[in-house]
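These notes are about the structure you will find just below.
Numbering (the numbering used here), first residue to last: 1006 to 1057.
In structure tokens, the structure reads:
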């Protein structure tokens, strides 16, 4: 969740029901949120580094 300067929500992944998770920037440039309980990806940017 990103908040504005007024502490209002500006953006969210919409994955609140996934439980605790960790965010990683992978070597290929993709940013992925992995659920801590089982390591399953629950959200990603689906971006890739040029040439990957």
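Just so it is clear, CB atoms sit at the ideal spot from N, CA and C, and this is done for glycine as well.
Item	Value
Give me the residue from 1018, 1048, 1054, 1040 with the minimum Cα distance to residue 1025.	1040
On the DSSP letters alone, give me the boundaries of the beta strand (DSSP E) that residue 1040 sits inside.	1036-1040
May I have the straight-line CA-CA distance separating residue 1020 from residue 1006, to the nearest angstrom?	10 Å
Could you round the C-beta distance between residue 1022 and residue 1035 to whole angstroms and report it? I think they count as a contact, below 8 Å.	No, residue 1022 and residue 1035 are not in contact; Cβ-Cβ is about 22 Å, not under 8 Å.
Got a sec, what are the start and stop residues for the beta strand (DSSP E) residue 1046 sits in?	1046-1049
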